[in-house]
Amino acid sequence: MTQRQVYPEISLVAEGLACGRGGHALAADIAIALAPGQGLLLRGPNGAGKSTLLLTLAGLLPPLAGSIRYAGHDAEAGPALHYCGHRNGVRARLGVAQTLDFWAGLNGRTGLSIAAALEEVGLAGAAGLDAGYLSAGQQRRLALARLLVTRRPLWLLDEPSAALDTAGQALLARLLADHLARNGLAVIATHDAIAVPDLSVLTLGEAA
Amino acid sequence: MNGFSGILRRELRLALAGGGDMLTLVLFFVITGALVPFAVGPDRELLARIAPGIVWIAAFLAMLMGLDRLLRPDREDGTLALYRLADLPLSAILAAKVIVHWLTSALPLILAAPFLALILGMDPQTFWRTLLSLLLGTPALAAFGTFGAAVTVAIRRGGLLAPILIAPLCVPVLIFGVGAISPLGGPDQAGAALLLLAALSLMACALSPFAAAFAIDWGEE
Chain A
0 MTQRQVYPEI
10 SLVAEGLACG
20 RGGHALAADI
30 AIALAPGQGL
40 LLRGPNGAGK
50 STLLLTLAGL
60 LPPLAGSIRY
70 AGHDAEAGPA
80 LHYCGHRNGV
90 RARLGVAQTL
100 DFWAGLNGRT
110 GLSIAAALEE
120 VGLAGAAGLD
130 AGYLSAGQQR
140 RLALARLLVT
150 RRPLWLLDEP
160 SAALDTAGQA
170 LLARLLADHL
180 ARNGLAVIAT
190 HDAIAVPDLS
200 VLTLGEAA
Chain B
0 MNGFSGILRR
10 ELRLALAGGG
20 DMLTLVLFFV
30 ITGALVPFAV
40 GPDRELLARI
50 APGIVWIAAF
60 LAMLMGLDRL
70 LRPDREDGTL
80 ALYRLADLPL
90 SAILAAKVIV
100 HWLTSALPLI
110 LAAPFLALIL
120 GMDPQTFWRT
130 LLSLLLGTPA
140 LAAFGTFGAA
150 VTVAIRRGGL
160 LAPILIAPLC
170 VPVLIFGVGA
180 ISPLGGPDQA
190 GAALLLLAAL
200 SLMACALSPF
210 AAAFAIDWGE
220 E
């Protein structure tokens, strides 16, 4: 780590949140309060609404009830969050470094350089390769590299460890721990164990 | 502006890497136009009279063909969701898409228009006017097309819906597009039609990115 930037202090507060699709509520009465440096694990069976909650927090779906606030976030500074979903947003016929460079240009080059980010996620050797030739795990690594080239304080990760090998899971834990140590926030929906200390847990789908 | 040019570069690279698509488009344009003489018979005068209309219809149909690959692949691989969270506003991203759509599916047609003019036996003066009216009118088609693609992108199998949706919007473009060539008798209103065509293009290009961004935000619900 050459630079040790610290994020502006942002906290995420959601109260009485209900989320769902097409007017049908999947999870209701959710309260989340995350202070800088805190991470939250979303647990729950398939279909409990973990992904929908993440999409709602990202602002990609409107909440059915309740409110979401990003206290301390300056709206003029651009979006405060990174969303990393099931689909990696990786397109064949574009190079690996090209893909990353595109996202850095679109979101602002506020983080690592392209080469450093690829090095960090272990794709340095594949920089010139067509992204369509990457394996599922490598594509996921490329999607994670996108979070590194633009610094945003809140990470919303949906099954980030899917398709990752053991080394990849360790990499994910390292990236997360580093992110939280810089005052970042993270909400992670996963079924796997993630080796990051001091994550709080929210289990969906039990009361319902 | 960095992100804006980045999108242009990315989309052009994708379009050129799949170069077959553009060739198909051009062939479709030329063949559609070339089929008309077979359908209406070898009447030179009639053909000369309807040639501008044939060129415009062929261009209109060819541009509809590219609509489905404008936004749908982005939605399928998750890129569209990330566009909505980008630092660049979604409307700016869609403005870039309008430009790319014009560059990849209208410009090749304009470049191929001389072949079609040759097949239809157009005289040089009509040909130059056709070229000018295509140049001024196709941006409106690209803008309407992007809007149609945005409205239907959330619908599975919505591929055929977009052309149906935007066809009524494109009627004025066709009227003024052919009117600007106008080899017909009567007072010469080609100049006025050309200006209206340009106005239509400017308005469509200015408004469609915002309308398309609204449609995408609303459609994801």
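Just so you know, the protein sequences line up as chains A and B, in that order.
In terms of numbering that gives the first Met the number 0, the first sequence opens at residue 0 and continues consecutively.
In terms of numbering that gives the first Met the number 0, the second sequence opens at residue 0 and continues consecutively.
Cβ atoms here follow ideal geometry from the backbone N, Cα and C, with glycine treated the same way.
No experiment lies behind these values; they were computed from the predicted model shown.
The beta carbon of Glu44/B does not come within 9 Å of any beta carbon belonging to chain A, so the residue lies off that interface.
Counting only residues of its own chain and dropping the five nearest sequence neighbours on each side, Pro44/A has a CB closer than 7 Å to the CB of Gly204. Contact annotation, Pro138/B with Trp101/B: C-beta distance approximately 6 Å; criterion of less than 8 Å satisfied. Counting only unbroken stretches of 4 or more residues, the alpha helix (DSSP H) elements lying wholly within the stretch 112-186 of chain A are 113-119, 135-148, 165-180, in sequence order.
Here Ile30/B is exposed, its C-beta having fewer than 16 other C-beta atoms within 10 Å.
The beta carbon of Gly32/B is closer than 7 Å to those of Ile53, Val54, Ala57, Leu115, Ile118, Leu119 in its chain, skipping five residues each way along the sequence. Here the alpha carbons of Asp20/B and Ala176/A stand approximately 45 Å from one another. Taking 8 Å as the upper bound on Cβ-Cβ separation, chain B lies near residues Gly77, Pro78, Leu80, His81, Tyr82, Gly84, His85, Arg86, Asn87, Gly88, Val89, Arg90, Arg92 of the stretch 66-92 of chain A. Around the C-beta of Ala112/B, 16 or more other C-beta atoms lie within 10 Å, and the residue is accordingly described as buried.
Each residue's CA atom was taken as its position, placing Leu106/B and Leu53/A some 41 Å apart. Between the alpha carbons of Ala166/A and Leu66/B lies a gap of roughly 42 Å. Chain-ordered listing is empty here: chain B has no CB closer than 9 Å to the CB of Ala26/A, the nearest sitting near 17 Å. The C-alpha of Leu26/B lies about 34 Å from the C-alpha of Ala80/B. Gly104/A reaches chain B at Asn1, Gly2, Gly5, counting residues in chain order whose Cβ is nearer than 7 Å. Gly65/A: member of the beta strand (DSSP E) spanning 64-70, first to last residue. The stretch 71-85 of chain B and the stretch 34-43 of chain B do not touch, with fewer than three beta-carbon pairs separated by less than 8 Å.
Within the stretch 48-65 of chain A, the residues whose Cβ lies closer than 9 Å to some Cβ of chain B are Leu54, Ala57, Gly58, Leu59, Leu60, Pro61, listed in chain order. Here Phe175/B is buried, its C-beta having at least 16 other C-beta atoms within 10 Å.
Around the beta carbon of Trp127/B, fewer than 16 other beta carbons lie within 10 angstroms, which makes this residue exposed.
Residues are counted here when their Cβ sits less than 8 Å from a Cβ of chain A; for the stretch 175-207 of chain B the count is zero.
For Leu70/B, the nearest beta carbon of chain A is not closer than 9 Å to its own beta carbon.
Here Phe146/B is buried, its C-beta having at least 16 other C-beta atoms within 10 Å.
Ranked by Cα distance from Leu56/A, the first of Ala76/A, Leu11/A, Gln137/A is Leu11/A.
Within the model, the alpha-carbon separation for Val150/B versus Leu89/B is close to 14 Å.
Contacts between Arg9/B and chain A, judged by CB atoms closer than 8 Å, involve Leu93, Gln97, Phe101 in chain order. No Cβ-Cβ contact shorter than 9 Å links Arg12/B with Ile215/B.
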